[in-house]
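Student:
Residue numbers (the UniProt record's numbering): 1 to 145.
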């Protein structure tokens with residue numbers, strides 16, 4: 001179960017970092033797609049906030065303390081800091097890259113859950129994977145062409 005808990009801490013840190021980045025881009029996006037991006041990013045960071053809480057609570061359910069400081073998240077997360085100076089397209093590309101990385105990491109983590117026979121965490125991650133895959137599709141569609 002230690003592998004699962006350690007991976008959950010990474011997922012928590014990555015999700016929190018992606019939440020902050022998405023909210024930052026929501027606040028700072030400008031350009032021709034401002035209105036649609038502003039609304040879309042708000043929906044995304046609100047969902048990510050729910051995922052942060054769900055992940056932290058899962059860690060607690062498994063008997064560990066959830067990391068909750070910026071230094072802990074920074075040490076665990078592979079998500080890079082946002083650049084609020086990016087033009088809208090670069091913001092979208094940056095978020096797309098992060099969501100793709102989340103998909104890759106979650107797919108690996110699902111295999112660990114299967115090995116550990118942790119079916120409830122596996123279920124949570126499968127739902128999470130579907131969310132990130134959908135966001136990838138939405139972001140790709142926005143910058144296509």
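All C-beta atoms, glycine included, are put in the ideal place defined by N, C-alpha and C.
1) Would you call the CB atoms of residue 13 and residue 76 closer than 8 Å?
2) Who are the Cβ neighbours of residue 54 in its own chain at under 8 Å, not counting the five residues just before and after it?
3) Which runs of the alpha helix (DSSP H), 4 residues or longer, sit entirely within the UniProt domain "Ferritin/DPS" (5-143)?
4) In angstroms with no decimal places, state the Cα-to-Cα distance between residue 60 and residue 10.
5) When the Cα atoms are used, what is the spatial distance from residue 126 to residue 17?
6) By Cβ distance below 7 Å, which residues in the same chain neighbour residue 81 in space, the five residues on each side in sequence not counted?
7) Does the beta-carbon of residue 130 have 16 or more other beta-carbons within 10 angstroms, so that it is buried, or is it exposed?
8) Below 6 Å CB to CB, which residues in the same chain sit around residue 41 once its five sequence neighbours on both sides are set aside?
9) Distance, Cα to Cα, residue 44 vs residue 95?
10) Are there 16 or more other CB atoms within 10 angstroms of the CB of residue 30, so buried, or fewer, so exposed?
11) Name the residue from 57, 83, 35 and 136 whose alpha carbon lies nearest to the alpha carbon of residue 121.
Tutor: Considering the structure as presented:
1) To locate residue 13, count along the chain shown from 1; it is residue 13. To locate residue 76, count along the chain shown from 1; it is residue 76. In this structure, residue 76 lies closer than 8 Å to residue 13 by Cβ.
2) Position 54 of the chain shown holds residue 54. For residue 54, where only same-chain residues beyond five positions count, the Cβ hits under 8 Å are 124.
3) Scanning the UniProt domain "Ferritin/DPS" (5-143) from its first residue to its last, the whole alpha helix (DSSP H) runs of 4-plus residues come out as 34-61, 70-76, 88-116 and 119-143.
4) Indexing the chain shown from 1 puts residue 60 at position 60. Indexing the chain shown from 1 puts residue 10 at position 10. Looking at the two C-alpha atoms, the distance is approximately 14 Å.
5) Residue numbering aside, residue 126 sits at position 126 when the chain shown is read from its first letter. Residue numbering aside, residue 17 sits at position 17 when the chain shown is read from its first letter. Taking the straight line joining both Cα atoms gives about 20 Å.
6) Residue numbering aside, residue 81 sits at position 81 when the chain shown is read from its first letter. Around residue 81: no qualifying Cβ.
7) Start at 1 with the first residue of the chain shown, and residue 130 comes out as number 130. By the 10 Å Cβ count, residue 130 comes out exposed.
8) Indexing the chain shown from 1 puts residue 41 at position 41. So the qualifying residues of the chain are 22, 25 and 26.
9) Walking along the chain shown from the start, residue 44 turns up at place 44. Walking along the chain shown from the start, residue 95 turns up at place 95. Taking C-alpha positions only, residue 44 is separated from residue 95 by approximately 11 Å.
10) To locate residue 30, count along the chain shown from 1; it is residue 30. Per the 10 Å Cβ criterion, exposed.
11) Residue mapping note: residue 121 aligns to position 121 of the chain shown, counting from 1. Of the listed residues, the one whose Cα sits closest to residue 121 is 57.
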